[in-house]
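The number in the numbering used here is simply the position in the sequence shown, starting from 1, with 393 added.
Before any comments, here is the structure.
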Amino acid sequence: MKKRIAILSLVLVLMCTATLFAAGGSEAKSSGEKTKTFAIVYPIVHPFFEPVTESAEAYAKEMGYKVITRAPEGVGVNQQIEIMENLISMKVDGIAIVPTDPEALTPYINKAIDAGIPTICFESDVAESKRLAFLGTYNYNAGRHLGSVVGKELNGNGTMIIATGLPTQRSLNERIRGIQEELAENYPGVKILDIQTGQGDPNLTINVIETLIQSYPNFDVFTSIDATGGPAAVAIWKSRGWTADDHMIITFDNMEENIQGIRDGQVTSVVSQKQWLWGEMILKTLNNIIDGKTVPESTDTGTVEITSANVETYMGN
Numbered sequence: 394m395k396k397r398i399a400i401l402s403l404v405l406v407l408m409c410t411a412t413l414f415a416a417g418g419s420e421a422k423s424s425g426e427k428t429k430t431f432a433i434v435y436p437i438v439h440p441f442f443e444p445v446t447e448s449a450e451a452y453a454k455e456m457g458y459k460v461i462t463r464a465p466e467g468v469g470v471n472q473q474i475e476i477m478e479n480l481i482s483m484k485v486d487g488i489a490i491v492p493t494d495p496e497a498l499t500p501y502i503n504k505a506i507d508a509g510i511p512t513i514c515f516e517s518d519v520a521e522s523k524r525l526a527f528l529g530t531y532n533y534n535a536g537r538h539l540g541s542v543v544g545k546e547l548n549g550n551g552t553m554i555i556a557t558g559l560p561t562q563r564s565l566n567e568r569i570r571g572i573q574e575e576l577a578e579n580y581p582g583v584k585i586l587d588i589q590t591g592q593g594d595p596n597l598t599i600n601v602i603e604t605l606i607q608s609y610p611n612f613d614v615f616t617s618i619d620a621t622g623g624p625a626a627v628a629i630w631k632s633r634g635w636t637a638d639d640h641m642i643i644t645f646d647n648m649e650e651n652i653q654g655i656r657d658g659q660v661t662s663v664v665s666q667k668q669w670l671w672g673e674m675i676l677k678t679l680n681n682i683i684d685g686k687t688v689p690e691s692t693d694t695g696t697v698e699i700t701s702a703n704v705e706t707y708m709g710n
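In C-alpha cells:
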C-alpha cells in the first residue's frame with residue numbers, strides 16, 4: 394500500500410513539473426520577439442540568384458525568420474527604386490540589395506538606413522552610400538582571375554570578344570576593368586576586339602553575340618561578364634556545331650548551361666562566384682547588425698575556376 398502511494402505521489406509530482414514547464418514554454422513563446430522579416434533585392438530575375446534564395450530560405454526556416462525576395466521585371470532602375478520605397482514603407486527589419494545603378498540607388502539605401510532599417514549590399518557594392526556592409530565577390534579581382542585564365546589558355550597571344558549586362562551595374566564594370574588590367578600587365582599579346590551590352594536581357598544578348606561573331610569571325614575567346622551571356626553562347630555554339638577547339642568560351646558564373654557546356658566540350662572554363670553561400674550570410678549579417686554586433690565592413694567570398702577537371706566537385710572548394 395505504501396509503495397502504491399509513493400508511486401502515485403511521484404506521478405503527481407512529475408505531472409505538476411510537466412505542467413509548469415509547459416506553462417513556462419507557452420509564456421516564453423507568447424511573449425517572444427516578433428518574427429523578423431528580411432528582404433533581398435535582386436537586379437534582375439535570373440536563375441543565377443536562385444541559390445541565394447534557397448540558402449536564405451533554408452536558414453530563415455531554421456531561425457524562424459521571414460524572407461522576402463524582390464526583383465525588377467525589366468531592366469530599368471526605376472523598378473528597383475520602387476521596390477526599395479515599398480520595403481521602407483513596410484518597415485522590414487533588414488534589406489540586402491544588388492544595386493543596378495549606384496548613383497540612382499544611393500539615396501534610397503540612405504533613406505532605408507535613416508528609417509532605422511539595416512541595409513547591406515551584396516554582389517555589387519555602393520561604398521559611398523550609408524550601407525552597413527558588403528558581402529560577395531570582389532569583382533575587380535574576379536575580372537583579373539578571368540583575365541589570367543584567358544591569358545594562360547591563349548599562351549599570351551590571341552583575341553577575345555566580350556558581352557556584358559547592365560551597363561550601369563558596378564560589379565560588371567569592375568570585372569571588365571580587372572580583365573583589361575590583367576591582360577595589359579601580364580598578357581599584352583591578348584587583345585579585346587569589342588565589348589557590347591545585352592542589357593541583361595537573354596534574347597538581346599543572343600543578338601549581341603551573333604553580331605560580335607559576324608563582325609570578328611576570327612576571334613579566339615568569347616567572354617560574358619554577366620550570367621546571361623554564357624548560356625546564350627553555349628546555345629549558339631551548339632547551333633553552329635562548334636566546340637572549344639573552334640572558339641573558346643571562357644566566361645563567368647556557374648549557370649547550368651555553362652556547367653553542361655564544360656561537360657559537352659563547348660566551354661573551356663568558368664570563373665564562378667560562390668553565390669550559394671550568400672543567402673545565409675546575408676541573414677546572419679543583418680541579424681548581427683540588429684543585435685548590435687560588429688560585422689565586417691566588406692567580405693570577399695572569392696571565386697573558383699571550373700574546368701572539366703573539377704566540374705563535379707567545385708562547390709567543395
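By construction, the Cβ of each residue, glycine as well, lies at the ideal position given by its N, Cα and C atoms.
Just the C-alpha distance for G558 and I618, rounded to the nearest angstrom, thanks. Counted from its first residue, the sequence shown places residue 558 at position 165. Counted from its first residue, the sequence shown places residue 618 at position 225. Going by the C-alpha atoms only, they are around 7 Å apart.
Contained beta strand (DSSP E) runs [length at least 3] in the segment 571-599, N- to C-terminal order: 583-590
Among the residues of its own chain, which have a CB less than 6 Å from the CB of D518, if the five just before and after it don't count? The count along the sequence shown starts at 1 and reaches residue 518 at position 125. So the list reads F527, once near-sequence residues are dropped.
So T552 and L586 are in contact, right, with Cβ under 8 Å, and what is the actual spacing, rounded? Looking up residue 552 in the sequence shown gives position 159. Looking up residue 586 in the sequence shown gives position 193. Confirmed, Cβ separation roughly 5 Å.
Since I599 and G623 should fall inside the 8 Å C-beta cutoff, what is the C-beta to C-beta distance between them, to a whole number of angstroms? The sequence position of residue 599 within the sequence shown is 206, counting from 1. The sequence position of residue 623 within the sequence shown is 230, counting from 1. At roughly 12 Å, the Cβ-Cβ gap does not stay under 8 Å, so I599 and G623 are not in contact.
Could you give the uninterrupted runs of the alpha helix (DSSP H) lying entirely in the segment 632-665, keeping only those of 4 residues or more? 649-657
Suppose you measure from the CA of K459 to the CA of R563; what does that come to, to the nearest Å? Translated into the one-based positions of the sequence shown, residue 459 becomes position 66. Translated into the one-based positions of the sequence shown, residue 563 becomes position 170. Roughly 29 Å between the two C-alpha positions.
G418 versus I461 - alpha carbon distance: Within the sequence shown, the letter at position 25 stands for residue 418. Within the sequence shown, the letter at position 68 stands for residue 461. Legend: pLDDT at G418 = 32, less than 50; position of this residue unreliable, no value from coordinates given.
If you drop the 5 nearest sequence neighbours on each side, which residues of the same chain put their C-beta closer than 6 Å to that of V445? As a first step, residue 445 is located in the sequence shown; it is residue number 52 there, counting from the start. Cβ neighbours of V445 beyond the five flanking positions: Q668, W671, G672.
Straight-line Cα distance separating P689 from D613: Taking the sequence shown and counting its residues from 1, one reaches residue 613 at position 220. Taking the sequence shown and counting its residues from 1, one reaches residue 689 at position 296. Their Cα atoms are separated by approximately 41 Å.
Once you ignore the five residues that flank S541 on each side, which residues in its own chain have a CB closer than 6 Å to its CB? Position 148 of the sequence shown, counting from 1, holds the residue named residue 541. The answer, listed in chain order, is E575.
Whole angstroms is fine: what's the gap from E466's alpha carbon to H640's? Taking the sequence shown and counting its residues from 1, one reaches residue 466 at position 73. Taking the sequence shown and counting its residues from 1, one reaches residue 640 at position 247. Distance between the alpha carbons of E466 and H640: 33 Å.
Counting pairs of Cβ atoms below 8 Å between the segment 448-455 and the segment 495-511, do you hit three or more? no
Given that a residue counts as buried once 16 or more other Cβ atoms are within 10 Å of its Cβ, and exposed if not, what is A637? Within the sequence shown, numbered from 1, the residue matching residue 637 stands at position 244. Buried, because 16 or more other Cβ atoms sit within 10 Å of the Cβ of A637.
Can you give me the Cβ contacts of L679 inside the same chain, cut-off strictly under 6 Å, excluding the 5 residues immediately before and after it? Taking the sequence shown and counting its residues from 1, the one referred to as residue 679 is at position 286. Correct list, in chain order: F431, G487, P511.
Counting along the chain, where does the beta strand (DSSP E) carrying T557 start and finish? Residue 557 sits at position 164 when you count from the first residue of the sequence shown. Counting along the chain, the beta strand (DSSP E) containing T557 begins and ends at 551-557.
Is it true that the CB of Q659 sits closer than 9 Å to the CB of V627? Here residue 627 refers to the residue found at position 234 of the sequence shown. Here residue 659 refers to the residue found at position 266 of the sequence shown. Cβ distance < 9 Å, so V627 and Q659 count as in contact.
Going by beta-carbon coordinates alone, are D494 and Q473 separated by less than 9 Å? Here the question's residue 494 lines up with position 101 in the sequence shown. Here the question's residue 473 lines up with position 80 in the sequence shown. Yes, Cβ-Cβ distance for D494 and Q473 is below 9 Å.
What is the rounded straight-line gap between the Cα of S424 and the Cα of H439? If you number the sequence shown from 1, residue 424 lands on position 31. If you number the sequence shown from 1, residue 439 lands on position 46. Note that S424 has pLDDT 42, beneath the 50 cutoff, so the model's placement of it is unreliable and no number is given.
Boundaries (first-last residue) of the alpha helix (DSSP H) holding T446: Working through the sequence shown from its first residue, we reach residue 446 at position 53. That run of the alpha helix (DSSP H) goes 443-456.
Is the beta carbon of G529 sitting closer than 9 Å to the one on R568? If you number the sequence shown from 1, residue 529 lands on position 136. If you number the sequence shown from 1, residue 568 lands on position 175. Contact flag unset, no.
Contact defined as beta carbons within less than 8 Å: I believe K523 pairs with I490. What is the distance between those atoms, to the nearest angstrom? Mapped onto the sequence shown, residue 523 falls at position 130. Mapped onto the sequence shown, residue 490 falls at position 97. No, K523 and I490 are not in contact; Cβ-Cβ is about 12 Å, not under 8 Å.
Would you check if the distance between the CB atom of T590 and the CB atom of P560 is smaller than 9 Å? Locating residue 590 in the sequence shown gives position 197, counting from the first residue. Locating residue 560 in the sequence shown gives position 167, counting from the first residue. Their beta carbons are under 9 Å apart, which means T590 touches P560 by this criterion.
First through last residue of the alpha helix (DSSP H) which encompasses G469: To locate residue 469, count along the sequence shown from 1; it is residue 76. Counting along the chain, G469 falls outside any alpha helix (DSSP H), and DSSP gives it neither H nor E.
Coil, strand or helix - T604 by DSSP: For the purposes of this step, residue 604 is identified with residue 211 of the sequence shown, where counting begins at 1. Helix.
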